[in-house]
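Enquirer: Going line by line, the protein sequences match chains A and B.
Under our numbering, the first residue of the first sequence is numbered -6, with each subsequent residue one higher.
Under our numbering, the first residue of the second sequence is numbered 5, with each subsequent residue one higher.
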Amino acid sequence: MNTLPQQLANGLFLGSMYGLIAIGYTMVYGIVQLINFAHGEIFMTGGFGALTVYLYVLPDGTSMWIALPAMLIGGGLVSVLIAVGAERFAYRPLRGAPRLAPLITAIGLSLALQQAVFNWYPDAKTDRKFPQIDAGPWHLGSISISSGSLFVIIAAPVCMAALAFFVRLSRTGRAMQATAQDPDTAQLMGIDTNRIIVVAFAIGGFFAAVAAVAYGLRLGQIKYDMGFQMGLKAFTAAVLGGIGNIYGAMIGGLVLGLAETLATSYIDEIPGMQQLGGGGWSSVWAFVLLILVLLFRPQGLVGERVADRA
Amino acid sequence: MTALLEVEDLKVAYGKIEAVKGISFTVEAGQIVTLIGTNGAGKTTTLRTLSGLHKPSNGRILFEGKPLRNVPAHKIVALGLAHSPEGRHIFPRLTITENLQLGAFLRKDKEGIEKDIQRAYDLFPILGERRKQAAGTLSGGEQQMLAMGRALMSQPKLLMLDEPSMGLSPIMMQKIMSTIVELKSQGTTILLVEQNAQAALSLADQGHVMEVGNIVLSGTGQDLLHDESVRKAYLGED
Chain A
-6 MNTLPQQLAN GLFLGSMYGL IAIGYTMVYG IVQLINFAHG EIFMTGGFGA LTVYLYVLPD
54 GTSMWIALPA MLIGGGLVSV LIAVGAERFA YRPLRGAPRL APLITAIGLS LALQQAVFNW
114 YPDAKTDRKF PQIDAGPWHL GSISISSGSL FVIIAAPVCM AALAFFVRLS RTGRAMQATA
174 QDPDTAQLMG IDTNRIIVVA FAIGGFFAAV AAVAYGLRLG QIKYDMGFQM GLKAFTAAVL
234 GGIGNIYGAM IGGLVLGLAE TLATSYIDEI PGMQQLGGGG WSSVWAFVLL ILVLLFRPQG
294 LVGERVADRA
Chain B
5 MTALLEVEDL KVAYGKIEAV KGISFTVEAG QIVTLIGTNG AGKTTTLRTL SGLHKPSNGR
65 ILFEGKPLRN VPAHKIVALG LAHSPEGRHI FPRLTITENL QLGAFLRKDK EGIEKDIQRA
125 YDLFPILGER RKQAAGTLSG GEQQMLAMGR ALMSQPKLLM LDEPSMGLSP IMMQKIMSTI
185 VELKSQGTTI LLVEQNAQAA LSLADQGHVM EVGNIVLSGT GQDLLHDESV RKAYLGED
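1) Taking only beta carbons into account, state which residues of the segment 95 to 107 of chain B come closer than 8 angstroms to chain A, listed in chain order.
2) Which same chain residues end up closer than 7 angstroms to His87 (chain B) when comparing Cβ atoms and leaving out the 5 residues on each side of it in sequence?
3) Kindly indicate which three-state DSSP category Asp13 (chain B) falls into: helix, strand or coil?
4) If I follow the unbroken alpha helix (DSSP H) through Asn103 (chain B), where does it start and stop?
5) Pull up the distance between the alpha-carbon of Thr165 (chain A) and that of Ala7 (chain B), whole angstroms please.
6) Going by the DSSP bridge assignment, what does Gly42 (chain A) pair with across the sheet?
7) Taking Cβ to Cβ, would you say Leu255 (chain A) is nearer than 9 angstroms to Gly4 (chain A)?
8) What in chain A is Cβ-close to Leu57 (chain B), meaning under 9 angstroms?
9) With a threshold of 16 other CB atoms inside 10 Å of the CB of Leu229 (chain B), please say whether the residue is buried or exposed.
10) Starting from Arg64 (chain B), trace the beta strand (DSSP E) in both directions and tell me its first and last residue.
11) Taking beta-carbon pairs under 9 angstroms, can you tell me which members of the segment 71 to 96 of chain B lie near chain A?
12) Okay, do the segment 194 to 211 of chain A and the segment 11 to 25 of chain A touch, 3+ Cβ pairs below 8 angstroms being the bar?
13) Along chain A, which residues have their Cβ under 7 angstroms away from the Cβ of Leu110 (chain B)?
14) At the 9 angstroms Cβ level, is Ala168 (chain A) part of the contact set with chain B, yes or no?
15) Once the 5 residues before and after Tyr125 (chain B) are set aside, which same chain residues still bring their CB inside 6 angstroms of it?
16) Beta strand (DSSP E) containing His78 (chain B): first to last residue?
17) Rank B:Gly140, B:Pro96 and B:Phe29 by C-alpha distance to the C-alpha of Arg64 (chain B) and give the top, closest one.
18) Is it right to say Met266 (chain A) is buried, meaning 16 or more other beta carbons lie within 10 angstroms of its own, or is it exposed?
19) First and last residue of the beta strand (DSSP E) that includes Gly223 (chain B)?
20) Could you tell me how far apart the beta carbons of Gly250 (chain A) and Gly241 (chain A) are, in whole angstroms, since I believe they sit closer than 8 angstroms?
21) Once you ignore the five residues that flank Ala227 (chain A) on each side, which residues in its own chain have a CB closer than 6 angstroms to its CB?
22) Under 8 angstroms between beta-carbons, which chain B residues line up against Thr186 (chain A)? List them in chain order, please.
23) Met141 (chain A) and Ala207 (chain A): beta carbons closer than 9 angstroms?
24) Counting only the same chain and skipping the five closest in sequence on each side, list residues whose C-beta sits under 6 angstroms from that of Ala2 (chain B).
25) So the candidates are B:Leu172, B:Gln159 and B:His212; which of them puts its Cα closest to the Cα of Lys112 (chain B)?
26) Quick check on Thr49 (chain B): does DSSP put it in helix, strand or coil?
27) Does the segment 283 to 298 of chain A come close enough to the segment 167 to 176 of chain B to have 3 or more Cβ pairs within less than 8 angstroms?
28) Is the separation between the beta-carbon of Gly68 (chain A) and that of Val192 (chain A) shorter than 9 angstroms?
29) So if I threshold CB-CB distances at 9 angstroms, which residues from the segment 52 to 63 of chain A count as touching chain B?
30) Check whether the Cβ of Gln174 (chain A) lies closer than 9 angstroms to any Cβ atom in chain B.
31) Could you give the C-beta distance for Gly246 (chain A) and Ser9 (chain A), rounded to a whole number, given that I count them as a contact under 8 angstroms?
32) Please go through the segment 143 to 180 of chain B and give each complete alpha helix (DSSP H) segment of 4 or more residues, from N-terminal end onward.
33) Under 8 angstroms Cβ-Cβ, which residues of chain B neighbour Ala193 (chain A)?
34) Check the Cβ-Cβ distances between Arg88 (chain A) and every residue of chain B, and say whether any is below 9 angstroms.
35) Using a C-beta to C-beta distance shorter than 9 angstroms, which residues of chain B count as neighbours of Ala252 (chain A)?
36) In this structure, does DSSP put Val295 (chain A) in helix, strand or coil?
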């Protein structure tokens, strides 16, 4: 099944996962101008958190319809705790330090989390099977939708809409906007910006865990190093959309997912480019797209040019 | 009666560079007190320290007799001290109404907030006309009005204004200065930092002249306005 509608759908599924993870990069960057390079690992630990709930918390043979919400909560909890802990103990002490310091900390944290799972999680040295929903695939015209894909195509818009409402309408959301636009002045309004930063890390962590469950459901397995590639792609998506902008993260994710899927399926049909198709090239096309956007629209697809903060 | 604000031997340093080198002054309730001086004299640093955005390296700050030194910045406004920062610092991508609402972030009385937003529109009608516009699209003078209106939204006992006349046209400046006098008559105490010494001194009860981190001269606004050294250094006369 390699029709165009199917490829478009696959692109949307993949892009929704990128978008969910990209939210974490973009929210944290928007508020503290930090690229949390450990976010890919926060995504990964969310997957293992969810798996742990399924394997070791729930009784054997629990139906996936009951297990799935529990896995989302458990995985979300793990990701949120790690994200918030990283902020509190790794990044906060370095606030005000030169930018390179938190960046290197993030890379160190990323490796530490990978190695922790690799060494201490049972049988995590290779792929671990992820439980599957025993339903589907469903067919919509010529498109086949697996249960994992159905999950992500529902979860991503729900998460995004909830976030958009939260940021626009809630008191904390308003405080987040203020903190992102001018943190010192936000404090003058009485906003506890440290708390707002924690909320940003927590939301990013939870969304990453939702993406990790989607990843496990779609691919059937998770692995200690899955956060590297996905994190890098999601970061690309965030930059593509305009880093700091939550709508940009989702749009960037979708564009990247679509571009990657379409490029791998169709580029080899262009005369003279037969060698450049196929899955092995997917990352190449993703980053070519990034380079093009950075060249011609450096603020990202929906980002605003960063005005001088007088 | 104790003063509303007492600053005693305040020192503030950026790394090894001391920006404020031990200043003392008081602000009595109901007064307008001004700090004047050139760029780099330490006026803005003083206000930012009072607001908790910088930590002092030495000295005491008493607000209504309570020490402020270890109060974090976001808890200062709740005590009744509002700060309209230098360069206005409105939230550019939020609307005028949203900016004003943020000024009342810690207040819970919805009706009172609505009333005070209306009051800000009465004070500055242009803000009312453009209430749904992003604040970043306002002119400099309008942004200054918004910054003042926003600071007032917390119903402060002490309003600190940092360079409210900066970059404004003479007409706009007149408007801002007359608003300051009006606020005083409504009972708000004001600590005004200005480079425009003439304007600031003519409406201040008390004035202090700052030079490179020190207060070098203090007096009533009128005294300083007629002081020869002040006239030479800050009012452009020789």
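Think of the CB as a built atom: it goes at the ideal place given N, C-alpha and C, for glycine as much as any other residue.
Expert: On the basis of the supplied data:
1) So the list reads Phe95, Pro96, Arg97, Leu98, Glu102, Gln105, Leu106 and Gly107, given in the order they occur along the chain.
2) The answer, listed in chain order, is Leu51, Ser55, Ala155 and Met164.
3) Looking at Asp13 (chain B) - three-state DSSP - the assignment turns out to be strand.
4) For Asn103 (chain B), the uninterrupted alpha helix (DSSP H) segment begins and ends at Ile100 to Gly107.
5) Looking at the two C-alpha atoms, the distance is approximately 36 angstroms.
6) In DSSP, Gly42 (chain A) forms no bridge with anything.
7) Yes, the pair counts as a contact, with Cβ atoms nearer than the cut-off.
8) What Leu57 (chain B) touches in chain A: Asp177, Gln180 and Leu181.
9) Its Cβ being crowded by 16 or more others within 10 Å, Leu229 (chain B) is buried.
10) That run of the beta strand (DSSP E) goes Asn62 to Phe67.
11) From the segment 71 to 96 of chain B, only Pro76, Ala77, His78, Lys79, Ile80, Val81, Ala82, Ala86, His87, Ser88, Pro89, Gly91, Arg92, His93, Ile94, Phe95 and Pro96 have a Cβ closer than 9 angstroms to chain A.
12) Output reads yes: the segment 11 to 25 of chain A touches the segment 194 to 211 of chain A.
13) For the C-beta of Leu110 (chain B), the chain A residues within less than 7 angstroms are, from N- to C-terminus, Gly183.
14) For Ala168 (chain A), the answer is yes, since a Cβ of chain B falls inside 9 angstroms of its Cβ.
15) Taken in chain order, the residues that qualify are Leu131 and Gly132.
16) Premise fails: His78 (chain B) lies in the alpha helix (DSSP H), Ala77 to Leu83, not in any beta strand (DSSP E).
17) The residue with the shortest Cα to Cα distance from Arg64 (chain B) is B:Phe29.
18) Exposed, by the Cβ-count rule.
19) In the DSSP annotation of this structure, the continuous segment of the beta strand (DSSP E) that includes Gly223 (chain B) starts and ends at Asn218 to Thr224.
20) The distance from the Cβ of Gly250 (chain A) to that of Gly241 (chain A) is about 15 angstroms, inconsistent with a contact at the 8 angstroms cut-off.
21) Once the five neighbours on either side are set aside, the close Cβ partners of Ala227 (chain A) are Tyr11, Ile14 and Ala15.
22) Within chain B, the residues near Thr186 (chain A) are His78.
23) Per the sequence shown, residue 141 (chain A) should be read as Gly rather than Met. Cβ distance < 9 angstroms, so Gly141 (chain A) and Ala207 (chain A) count as in contact.
24) Because chain B in this structure spans residues 5 to 242, residue 2 (chain B) falls outside the shown range and cannot be described.
25) With respect to the C-alpha of Lys112 (chain B), the residue from B:Leu172, B:Gln159 and B:His212 having the closest C-alpha is B:Gln159.
26) It is helical.
27) Three or more beta-carbon pairs separated by less than 8 angstroms are not found between the segment 283 to 298 of chain A and the segment 167 to 176 of chain B, which leaves the two stretches without contact.
28) No.
29) Along the segment 52 to 63 of chain A, there is no position whose C-beta sits under 9 angstroms from a C-beta of chain B.
30) By this cut-off, Gln174 (chain A) is an interface position.
31) Sure, about 7 angstroms apart at Cβ, within 8 angstroms.
32) 144 to 156, all fully within the segment 143 to 180 of chain B.
33) Those within 8 angstroms of Ala193 (chain A) in chain B number zero; the least Cβ separation is about 16 angstroms.
34) At least 9 angstroms separates the CB of Arg88 (chain A) from every CB of chain B.
35) Those within 9 angstroms of Ala252 (chain A) in chain B number zero; the least Cβ separation is about 29 angstroms.
36) Reduced to three states, the DSSP call for Val295 (chain A) is coil.
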